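Enquirer: There's a structure below that I have some questions on.
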Amino acid sequence: MSFRVVHLKTEYVVNPLGLDESKPRLFWRLESEKRGTVQSAYRVLVSSSREALDRDEGDQWDSGKVVSASSIQVVYGGKPLQSEGQYFWKVQAWDGEGNPSGWSETAYWTMGLLDRGEWKAGWIGRKTEANVVMQPSPHVRKSFGIAGKVKRATAYATALGLYELRVNGEKVGDLFAPGFTDYDKRVQVQTYDVTPLVREGENAVGAVLGDGWYCGTVGFLGSKVYGERPFFLLQLHIELEDGTKQIVKTDSTWRTARGPILYSDMIKGEAYDARLELAGWDRPGFDDSGWEQPDVRPGYNGLLTASIEPPVRITETRRPISVRRTDAGTFIYDMGQNMVGWTEVKVRGARGAKITLSHAEMLNPDGSLYLDNLRVAVQQDHYILKGEGEERYEPRFTFHGFRYVELIGYPGEADLDTIVGKVVHSDTPRTGRLETNDAMVNRLYSNIVWGQRGNFLSVPTDCPQRDERLGWTGDAQIFARTASYNMDVSRFFTKFMWDMIDAQQPSGAFTDVAPDAGWIRHKMWNTRLNWFAPDNAGWGDAGVVIPWTLYLMYGDTRILETHYGAMVRWVEYLKANSDELVRPSYANYGDWLSIDADTPNEVLATAYFAYSAKLLSRIAGVLGEKRDEAHYDGLFRDIAAAFRRAFVDAEGRIHGATQTVYVLALQFGLLEGEQRDAAIRHLVDDIRGRGDRLSTGFLGVGYLLPALTDSGRLDVAYALLTQEAFPSWMYSIKHGATTIWERWDGWTEHNGFQTPSMNSFNHYSLGSVGEWMFRYMAGIETDPDRPGFRHAIVRPQPGGRLTEAKAEYESLYGVVSTDWKLSPDGAFRLAVRVPAGATATVVVPGSGARVDGEPANAAASPTGWTLAWQTEAAATFEIGSGEYVFESVIGAAAFAR
Ligand code: BGC
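The sequence shown begins at 998 in our numbering and counts up by one.
What follows is the structure in structure tokens.
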């Protein structure tokens, strides 16, 4: 059959476990060989058993045949879902001609423990050892019997701190669970299906606990931010074939001991003494009579919520590209890529010998590791050998940002096989790819992706190496759109929004860091930091920008509904703290790390205030809040007018006259008529005056190329993209960058390294140009009125030295792709792909457009496309799903635009 329903997901995930959404959303994709495939109707069946579903019985929900094109974000509309319920579902769809597909394959989800009263387990930990600053990682365990055949076994686990769960000797789950949240407010619960791991007879369950963000070092905020030591909470629910139920839970009957991990800290590294390994501790039959009784914490007042964030995993293992022996007898490895994660080492040697793995992003001129930018972070792991043949070691509750590894104290001659690098991050599946004819542009794109891989670790961190690694909201919002092209960040940012909500101040201010981890308190107490305020323009606005981004990219209206009140409070807060709608100059990082161009705080803050109000109006519109839509649109217009009165002079010069002030005013729609033209002129003059260089910092950079392109200066946009002189993206690449640097001048020929107190070589903010690459260069854009790429706007814009670009984005409907080539004679060829269930408007630059080799003729009756209109400069088509090839000739006239 040619029309199929595939790729079922629930809450963005294939077969998720332990949800706590009372109305989960369902997603599927259509597949068809035919062009122009649409869905005219669907029917969903949800059953409480696979058998019932196989009989086509929707005992939970039978949607009936629903006339609808929706195949994403379809809200479950059946009977109330039960705690621990298992739900099996499938879909049938009808195409545009009314032909039905067959039933899809069966998908499922399960619900977690929905009622707090169902939690009977106690939080267990191990008492702190006296006079030890960095505490060893506790092991906790329990043996238990099962009297019959197991039908289903589910583990619900979480920790204040980190845990690694083990069942009968097997590791269960992923890394750094339960993830970083404001532990005073909530902790995420992970659900695992452990049915294959438990059996009739004796069983063992255990966990190793880490300090993590709960009591280990959190950025520069010190340690023990939330608590003194880690605690673990587990309930293992076992159902036997005969219907008997059994619950194994953490309580005082468990046992605890220290093990080989002497300490393990996110920021300070790990020390591991293999002589202290507890062989077999996680298996049945282990004698734990010498272990201590755990200490049970009275309770926990925060929320226990189903884990939303994608698990952190090792997503790649990399071999070093070179190794060099130093005069001191150590070995320095080059991994060939600035990466985040850790090193695994293989070693043979005497019992008690100690080796150290030290990590750094750069080398000093003398070839030694550049450690100065780590501040108080210690990117070192120490391993003490047990002396039993080949030993392998990798750390557990720490991570490092590095390209170079120094192996110290290694017994013997280390070579390229001695270590491997493990790349670790939140496993957000890759959705975007982009390649051009230009190797440097490709490297830039690669660096952007590596910046994301290095910094999306439970929260969007600013950097992965120094004592920071915090969820800076400004960085996150400016990069959010780029991030969402590169990878599926639906759940990652859904989780981060909760972090922002948990940090939102009673005043309505969204914070600059989330989870806040005591930062606000710290700022308020520290007189030196008195000039910091709770809100920061371009940072707090993440609370509006991120939900809006999820709406655009995934058609997610629930995130808008859920946080609508919080967004309103943010905008009202800004309004209350402004003077006739002009925001004050306090409270700003400004256009952070701009270069020789200081944007006045009040200009930036007023521009962002307008932007938040404008987005809020659009959000209100999406939610059908008509009055609010009009109200906030009015507010936006008033702020824009106030902006013009306060900051724009008669020549259209904007106060501060930086590239950023013009770019923000243009992109946020703050100017009118003449002023727009003047702004573009001033912007271009500034860029030209600097020799085609940019000066924007974190906030301006994301809008720079879009503003130029939207204003008809694609030529200038390309000139900046491929500029190789300082400051530019390509400057860092010319000097070997494999990630995006924090600062344009992180390292320069004229000054060497920037001040070590703030010089990360892995910060993604300046990589927000990735958004322009997808939306403008490759021309893959979503229509805000039919979001989630239900309708794509395909409008590639060739220019500069680029003659070829191809990109794809895997939307919820499937892959949208473009692939263009511009020949020296002006012949332009564009291949476009649109997934079934979606449509697109395609704007082909140039004249004489052809489709699939035939002249584009409005009168023809083509398959899948129609010519909407045509001018000298471009032809516009409406197309359905499928693959198409467009051709045109781009002449000098078209180029001049
Ligand atoms: C962080 C940035 C952050 C900034 C705010 C820095 O320390 O690394 O990414 O946005 O502080 O000022």
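Cβ coordinates follow ideal geometry from the N, Cα and C atoms, glycine included. For clarity, every value in this text was computed on a predicted model and none was experimentally measured.
Using a threshold of 7 Å, is the CB atom of E1465 nearer than that to any non-hydrogen atom of the ligand BGC?
Expert: Position 468 of the sequence shown, counting from 1, holds the residue named residue 1465. E1465 Cβ: within cutoff of the ligand BGC.
Enquirer: Could you tell me how far apart the beta carbons of Q1720 and D1683 are, in whole angstroms, since I believe they sit closer than 8 Å?
Expert: One-based indexing of the sequence shown puts residue 1720 at position 723. One-based indexing of the sequence shown puts residue 1683 at position 686. Wrong, their Cβ atoms sit about 14 Å apart, outside the cutoff.
Enquirer: With a 10 Å radius around its C-beta and 16 neighbouring C-beta atoms as the bar for buried, classify P1362 as buried or exposed.
Expert: On the sequence shown, position 365 is the one that residue 1362 refers to. That one is exposed.
Enquirer: Heavy atom of the ligand BGC less than 7 Å from the Cβ of D1459, yes or no?
Expert: Along the sequence shown, one-based indexing puts residue 1459 at 462. Yes, the ligand BGC has a heavy atom inside 7 Å of this Cβ.
Enquirer: Quick one: does the C-beta of W1469 sit closer than 7 Å to a heavy atom of the ligand BGC?
Expert: Indexing the sequence shown from 1 puts residue 1469 at position 472. For the ligand BGC, at least one heavy atom lies less than 7 Å from the Cβ of W1469.
Enquirer: Using the three-state DSSP reduction, which class does R1783 fall into: helix, strand or coil?
Expert: Taking the first residue of the sequence shown as 1, we reach residue 1783 at position 786. Reduced to three states, the DSSP call for R1783 is strand.
Enquirer: With a Cβ-Cβ cutoff of 8 Å, do L1233 and V1202 count as a contact?
Expert: The residue you call residue 1233 lines up with position 236 of the sequence shown. The residue you call residue 1202 lines up with position 205 of the sequence shown. Yes.
Enquirer: Are the CB atoms of A1271 and K1383 within a distance shorter than 8 Å?
Expert: For the purposes of this step, residue 1383 is taken as residue 386 along the sequence shown, with counting starting at 1. For the purposes of this step, residue 1271 is taken as residue 274 along the sequence shown, with counting starting at 1. Yes, Cβ-Cβ distance for K1383 and A1271 is below 8 Å.
Enquirer: Could you have a look at H1356 and say whether DSSP puts it in helix, strand or coil?
Expert: Numbered from 1 along the sequence shown, position 359 holds the residue referred to as residue 1356. It is a strand residue.
Enquirer: Alpha carbon to alpha carbon, how far is A1597 from Y1761?
Expert: Within the sequence shown, numbered from 1, the residue matching residue 1597 stands at position 600. Within the sequence shown, numbered from 1, the residue matching residue 1761 stands at position 764. The question names Ala, but residue 1597 in the sequence shown is Pro. Between P1597 and Y1761, the C-alpha separation is close to 24 Å.
Enquirer: With distances taken Cα to Cα, identify the nearest neighbour of I1777 among L1612, W1025, I1517 and S1481.
Expert: To locate residue 1777, count along the sequence shown from 1; it is residue 780. Among L1612, W1025, I1517 and S1481, the Cα nearest to that of I1777 belongs to S1481.
Enquirer: Let's test the definition: count the other Cβ atoms within 10 Å of the Cβ of S1754 and tell me whether it reaches 16, buried, or not, exposed.
Expert: The residue you call residue 1754 lines up with position 757 of the sequence shown. Classification for S1754: exposed.
Enquirer: In terms of DSSP beta bridges, what is M1484 paired with?
Expert: Taking the first residue of the sequence shown as 1, we reach residue 1484 at position 487. DSSP output for M1484 lists R1427 as bridge partner(s).
Enquirer: Following a CB-centred definition, is Y1605 positioned closer than 7 Å to any heavy atom of the ligand BGC?
Expert: By 1-based counting over the sequence shown, the position of residue 1605 is 608. No.
Enquirer: Rounded to the nearest angstrom, what separates P1291 and V1137 at their Cα positions?
Expert: Looking up residue 1291 in the sequence shown gives position 294. Looking up residue 1137 in the sequence shown gives position 140. Each residue's alpha carbon lies about 8 Å from the other.
Enquirer: Output yes or no for whether 8 Å exceeds the beta carbon distance between G1834 and S1068.
Expert: One-based indexing of the sequence shown puts residue 1834 at position 837. One-based indexing of the sequence shown puts residue 1068 at position 71. Taking 8 Å as the Cβ cut-off, G1834 and S1068 qualify as a contacting pair.
Enquirer: Cutting at 6 Å between CB atoms, please list the residues of its own chain near Y1380, excluding the five before and the five after it.
Expert: In the sequence shown, residue 1380 corresponds to position 383, counting from 1. Taken in chain order, the residues that qualify are Y1269, I1352 and Y1390.
Enquirer: Consult DSSP for R1316 and reduce its assignment to one of helix, strand or coil.
Expert: In the sequence shown, the residue the question calls residue 1316 occupies position 319. Note: R1316 maps to coil in three-state DSSP.
Enquirer: Counting only the same chain and skipping the five closest in sequence on each side, list residues whose C-beta sits under 6 Å from that of L1661.
Expert: Taking the first residue of the sequence shown as position 1, residue 1661 is located at position 664. Counting only Cβ-Cβ distances below 6 Å, and skipping sequence neighbours, we find A1604.
Enquirer: In whole angstroms, what separates the C-alpha of R1894 from that of D1707?
Expert: For this step, residue 1894 is matched to residue 897 along the sequence shown. For this step, residue 1707 is matched to residue 710 along the sequence shown. At R1894, the pLDDT of 41 sits below 50, so the modelled position is not reliable; the number obtained from the coordinates is stated separately. Rounded to whole angstroms, R1894 to D1707 spans 10 Å at the Cα level.
Enquirer: Can at least three beta-carbon pairs, one atom from the segment 1214-1230 and one from the segment 1093-1103, be found at a separation below 8 Å?
Expert: No contact exists between the segment 1214-1230 and the segment 1093-1103.
Enquirer: Throw me the rounded Cβ distance for the V1420 and R1315 pair, which I believe falls under 8 Å.
Expert: On the sequence shown, residue 1420 is found 423 positions in, with the first residue counted as 1. On the sequence shown, residue 1315 is found 318 positions in, with the first residue counted as 1. 6 Å between Cβ atoms; contact.
Enquirer: On the DSSP letters alone, give me the boundaries of the beta strand (DSSP E) that G1224 sits inside.
Expert: Here residue 1224 corresponds to residue number 227 of the sequence shown, with the count starting at 1. Careful: G1224 lies outside any beta strand (DSSP E) and carries neither H nor E.
Enquirer: Distance, Cα to Cα, G1888 vs R1847?
Expert: Within the sequence shown, numbered from 1, the residue matching residue 1888 stands at position 891. Within the sequence shown, numbered from 1, the residue matching residue 1847 stands at position 850. If I take the Cα positions, the gap works out to 15 Å.
Enquirer: What residue range does the beta strand (DSSP E) around N1439 cover?
Expert: Residue mapping note: residue 1439 aligns to position 442 of the sequence shown, counting from 1. It is not in any beta strand (DSSP E) - N1439 instead sits in the alpha helix (DSSP H) that spans A1436 to N1452.
Enquirer: Whose C-beta lies closer than 6 Å to the C-beta of F1892 among residues of the same chain, with five residues either side of it excluded?
Expert: Residue 1892 sits at position 895 when you count from the first residue of the sequence shown. With a pLDDT of only 47 at F1892, under 50, the local geometry of the prediction cannot be trusted, and no value is derived from it.
Enquirer: For V1813 and R1830, I'd like the C-alpha separation in whole angstroms.
Expert: Taking the sequence shown and counting its residues from 1, the one referred to as residue 1813 is at position 816. Taking the sequence shown and counting its residues from 1, the one referred to as residue 1830 is at position 833. Approximately 5 Å, taken between the alpha carbons.
Enquirer: So within the segment 1800-1839, which uninterrupted beta strand (DSSP E) runs reach at least 3 residues, ignoring any that extend past its ends?
Expert: Whole beta strand (DSSP E) segments, 3+ residues: 1801-1808, 1811-1819 and 1824-1831.
Enquirer: Using only CA atoms, which one of W1339, R1321 and V1344 lies nearest to L1360?
Expert: Along the sequence shown, one-based indexing puts residue 1360 at 363. Ranking W1339, R1321 and V1344 by Cα distance to L1360 puts R1321 first.
Enquirer: Taking DSSP's pairing of strands, which residues face F1328 in a bridge?
Expert: Counted from its first residue, the sequence shown places residue 1328 at position 331. According to DSSP, F1328 bridges with R1322 and L1404.
Enquirer: Measuring straight from C-alpha to C-alpha, what distance separates P1227 and G1033?
Expert: Position 230 of the sequence shown holds residue 1227. Position 36 of the sequence shown holds residue 1033. Cα-Cα distance, rounded: 56 Å.
Enquirer: If distances are taken between C-alpha atoms only, which option among M1332, P1307, G1406 and G1364 comes closest to L1354?
Expert: As a working note, residue 1354 is residue 357 in the sequence shown. The option with the nearest alpha carbon to L1354 is G1406.
Enquirer: Distance check for S1423 and Y1608, CA to CA, integer angstroms please.
Expert: As a position in the sequence shown, residue 1608 is number 611, starting the count at 1. As a position in the sequence shown, residue 1423 is number 426, starting the count at 1. Cα-Cα distance, rounded: 30 Å.
Enquirer: What are the start and end residues of the beta strand (DSSP E) that includes T1546?
Expert: As a working note, residue 1546 is residue 549 in the sequence shown. Premise fails: T1546 lies in the alpha helix (DSSP H), A1539 to Y1551, not in any beta strand (DSSP E).
Enquirer: Assign R1348 to buried or exposed, taking buried as 16 or more other Cβ atoms, counted over all protein chains shown, within 10 Å of its Cβ.
Expert: Start at 1 with the first residue of the sequence shown, and residue 1348 comes out as number 351. Classification for R1348: exposed.
Enquirer: Within 10 Å of its beta-carbon, does M1497 have 16 or more other beta-carbons around it, so buried, or fewer, so exposed?
Expert: Locating residue 1497 in the sequence shown gives position 500, counting from the first residue. The residue is buried, with at least 16 neighbouring Cβ atoms inside 10 Å.
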